[in-house]
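Peer 1: Going line by line, the protein sequences match chains Z and B. Here full-length UniProt numbering is used: the first residue of the first sequence is 1, the next is one more, and so on. Here full-length UniProt numbering is used: the first residue of the second sequence is 1, the next is one more, and so on. Note that CB positions come from ideal geometry on N, CA and C, so glycine has one too. All values reported here derive from a predicted model rather than from experimental measurement.
There are 2 protein chains.
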Amino acid sequence: MQLMKIEDEIKQPAFKDDFQKAYINLIFTAGWLQLRQSAKFKEYGLTLPQFNILRILRGQHPKPATVNLLIERMLDKTSNASRIVDKLETKQLVTRKVCPSNRRAVDIRITEAGLELLQRLDALMDSQHIGLHNLTPQEAAQLSALLDKVRD
Amino acid sequence: MQLMKIEDEIKQPAFKDDFQKAYINLIFTAGWLQLRQSAKFKEYGLTLPQFNILRILRGQHPKPATVNLLIERMLDKTSNASRIVDKLETKQLVTRKVCPSNRRAVDIRITEAGLELLQRLDALMDSQHIGLHNLTPQEAAQLSALLDKVRD
DNA sequence: TGCAAATATATGTACATACATTTAATGTTG
DNA sequence: CAACATTAAATGTATGTACATATATTTGCA
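(1) So, with DSSP's three-state summary, where would you put residue 156 of chain Z?
(2) Short of 8 Å Cβ to Cβ, which residues in the segment 108-126 of chain Z face chain B?
(3) Starting from the beta carbon of isoleucine 84 of chain Z, find every residue of chain B whose beta carbon is closer than 9 Å, and list them in chain order.
(4) With a threshold of 16 other CB atoms inside 10 Å of the CB of valine 98 of chain Z, please say whether the residue is buried or exposed.
(5) Rounded to whole angstroms, what is the Cα-Cα separation between isoleucine 70 of chain Z and methionine 125 of chain Z?
(6) Alpha helix (DSSP H) containing aspartate 148 of chain Z: first to last residue?
(7) Going along the segment 45-63 of chain Z in order, which residues come within less than 8 Å of chain B, judged by CB to CB distance?
(8) Closest to threonine 111 of chain B by C-alpha separation, out of B:Ile27, B:Gln128, B:Arg96 and B:Ser79, would be which residue?
(9) Would valine 150 of chain Z count as contacting chain B if we go by Cβ distances under 9 Å?
(10) Where does isoleucine 110 of chain Z fall in DSSP's three states?
(11) Out of B:Leu146, B:Gly45 and B:Arg36, which has the shortest C-alpha to C-alpha gap to glutamine 128 of chain B?
(12) Should arginine 120 of chain Z be labelled buried (16 or more other beta-carbon atoms within 10 Å of its own) or exposed?
(13) According to DSSP, is threonine 95 of chain Z helix, strand or coil?
(14) For alanine 81 of chain B, does the three-state DSSP call read helix, strand or coil?
(15) Do leucine 143 of chain Z and alanine 140 of chain B have their CB atoms nearer than 9 Å?
(16) Please list, in chain order, all residues of the same chain as isoleucine 130 of chain B whose beta carbon is under 8 Å from its beta carbon, the five residues on each side excluded.
(17) What does glutamine 34 of chain B touch in chain Z if you count any residue whose Cβ is under 8 Å from its own?
(18) Counting pairs of Cβ atoms below 8 Å between the segment 57-73 of chain Z and the segment 58-73 of chain B, do you hit three or more?
(19) Below 9 Å on C-beta distance, what does isoleucine 71 of chain Z contact in chain B?
(20) For leucine 14 of chain B, does the three-state DSSP call read helix, strand or coil?
(21) Excluding sequence positions up to five away, which residues of its chain have a Cβ less than 8 Å from the Cβ of glutamate 89 of chain B?
(22) Would you say leucine 147 of chain Z and isoleucine 6 of chain B are within 9 Å of each other, going by their C-beta atoms?
(23) Counting C-beta neighbours from all protein chains within 10 Å, is the total for residue 180 of chain Z 16 or more, i.e. buried, or is it exposed?
(24) Let's see if you can read the secondary structure: which residues bound the alpha helix (DSSP H) around glutamate 72 of chain B?
(25) Quick one: grab the DSSP three-state call for asparagine 52 of chain Z.
(26) Is there at least one Cβ from chain B nearer than 9 Å to serine 144 of chain Z's Cβ?
(27) Use the C-beta contact count for threonine 29 of chain Z: other C-beta atoms within 10 angstroms, 16 or more gives buried, fewer gives exposed.
(28) Return the chain-ordered list of same chain residues with a C-beta closer than 7 Å to the C-beta of alanine 113 of chain B, the five sequence neighbours on each side being excluded.
(29) Any beta-carbon of chain Z closer than 9 Å to the one on threonine 78 of chain B?
(30) Using CA atoms only, rank isn't needed, just tell me which of B:Gln50, B:Leu75 and B:Met4 is closest to leucine 26 of chain Z.
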């Protein structure tokens with residue numbers, strides 16, 4: 001069988017209702033996608049949160065971002081941007097400097113090396129191995145609409 | 001506006017295409033659901049992985065499970081079941097005993113206290129605050145079908 | 001039989017999340 | 001303007017993930 005239904009994936013025969021089934025399917029599928037993505041990214045020495053921070057910094061470039069701005073834009077708001085920036089700074093993919101106009105804040109900028117690395121990863125993200133290319137564009141749009149409704 | 005589209009949630013104006021948009025929406029929505037669930041469960045002193053392990057053990061009850069069986073059934077196969085069982089054992093929600101017929105393996109069983117806790121959490125999972133009850137049953141089924149196709 | 005391979009679990013390490021607390025700088029206001 | 005509150009970031013702690021390695025037991029087979 002090509003298509004593995006969620007029942008087969010997690011080896012449990014039945015769900016109580018379609019709500020429970022979709023819920024578990026959603027968590028499972030998101031984890032499945034992230035596992036594939038992080039495996040690919042490991043070859044480049046980046047974790048997923050590090051990649052996401054880098055993308056936000058590229059969006060700001062050449063303006064700096066503060067830790068606060070990173071937290072606002074991150075998919076997971078409660079995580080710890082400070083320590084992820086630590087790792088990126090060690091790899092010289094970002095710079096960190098006290099903000100001159102507000103010395104509580106820190107100006108974080110992506111470096112040239114960071115921009116170059118992101119460019120290589122962009123190609124990966126479009127590849128068959130990571131995206132949702134099993135869906136048609138219409139199905140992808142439909143999926144987005146359903147997910148928006150879940151969070152309503 | 002009631003319904004927050006994913007563009008608003010992550011404060012980025014546009015996506016490259018519907019694939020990228022659905023991808024980010026999927027990761028974001030799964031994280032959003034898990035954050036709500038774990039916040040509720042914290043009142044009961046359980047984390048999500050601990051809850052998932054307990055549910056598998058209830059499925060086996062009164063038979064024991066081994067660590068291997070837990071790993072097979074967990075949504076995330078590569079995580080560390082041993083240490084999650086450690087935490088559950090400390091809370092006296094499970095017991096751990098060397099398997100008599102194969103002394104490499106460990107028989108893990110859910111306790112009465114564990115079963116009682118799960119029963120209380122079942123009610124929570126059905127509540128408005130955690131499930132996908134913004135969808136109709138038809139939409140939930142449609143969501144599941146799309147997610148199965150994503151993983152195909 | 002004895003010894004290497006396989007199996008079951010546990011442990012170590014780097015990284016991340018979730019949340020509380022701390023430190024420093026800046027605002028606010030009586 | 002001094003005391004207090006607020007803000008920005010960093011740090012501490014418990015938990016979990018991902019992966020490599022270690023330890024003990026069992027299996028297989030020369």
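Peer 2: Walking through what the data contain:
(1) Residue numbering for chain Z in the displayed model covers 1 to 152; residue 156 of chain Z lies beyond these limits and cannot be assessed.
(2) Interface annotation for the segment 108-126 of chain Z against chain B: Met125, criterion Cβ-Cβ distance under 8 Å.
(3) Under the 9 Å cutoff, chain B gives no residues; its nearest Cβ is about 16 Å from isoleucine 84 of chain Z.
(4) Counting the other Cβ atoms within 10 Å of the Cβ of valine 98 of chain Z gives fewer than 16, which makes it exposed.
(5) The residue you asked about is not isoleucine; residue 70 of chain Z is leucine in the sequence shown. Rounded to the nearest angstrom, the two C-alpha atoms are 21 Å apart.
(6) From DSSP, the alpha helix (DSSP H) with aspartate 148 of chain Z extends over 137-150.
(7) Of all residues in the segment 45-63 of chain Z, Gly59 have a Cβ within less than 8 Å of some Cβ in chain B.
(8) Among B:Ile27, B:Gln128, B:Arg96 and B:Ser79, the Cα nearest to that of threonine 111 of chain B is on B:Arg96.
(9) True, the Cβ-Cβ gap to chain B drops below 9 Å.
(10) DSSP places isoleucine 110 of chain Z in strand when its eight states are reduced to three.
(11) It is B:Arg36.
(12) Counting Cβ neighbours within 10 Å, arginine 120 of chain Z comes out exposed, since fewer than 16 surround it.
(13) Strand.
(14) Annotated three-state conformation of alanine 81 of chain B is helix, per DSSP.
(15) Contact flag unset, no.
(16) If we look at isoleucine 130 of chain B and ignore the five residues flanking it on each side, its Cβ neighbours are Leu33, Arg36, Gln37, Lys40 and Leu124.
(17) Chain Z residues near glutamine 34 of chain B: Ile27.
(18) In short, these stretches do not touch, since the Cβ pair count stays below three.
(19) In chain order: nothing, as chain B lies at least about 11 Å away.
(20) Just to set this straight, residue 14 of chain B is alanine in the shown sequence, not leucine. Looking at alanine 14 of chain B - three-state DSSP - the assignment turns out to be coil, as it is neither helix nor strand.
(21) Within the same chain, glutamate 89 of chain B has close Cβ partners Thr95 and Arg96.
(22) The answer is yes: Cβ separation under 9 Å.
(23) With chain Z represented from 1 up to 152, any question about residue 180 of chain Z goes unanswered, as that position is not in the structure.
(24) From DSSP, the alpha helix (DSSP H) with glutamate 72 of chain B extends over 67-73.
(25) Of the three classes helix, strand and coil, the one that applies to asparagine 52 of chain Z here is helix, per DSSP.
(26) Closer than 9 Å to some Cβ of chain B, the Cβ of serine 144 of chain Z qualifies, so yes.
(27) Buried: at least 16 other Cβ atoms inside 10 Å.
(28) Apart from the 5 residues on each side of it in sequence, alanine 113 of chain B sits with its Cβ closer than 7 Å to the Cβ of Gln92 and Leu93 in its chain, given in chain order.
(29) Yes, threonine 78 of chain B lies at the interface with chain Z (some Cβ there is under 9 Å from its Cβ).
(30) Nearest of B:Gln50, B:Leu75 and B:Met4 to leucine 26 of chain Z, Cα basis: B:Leu75.
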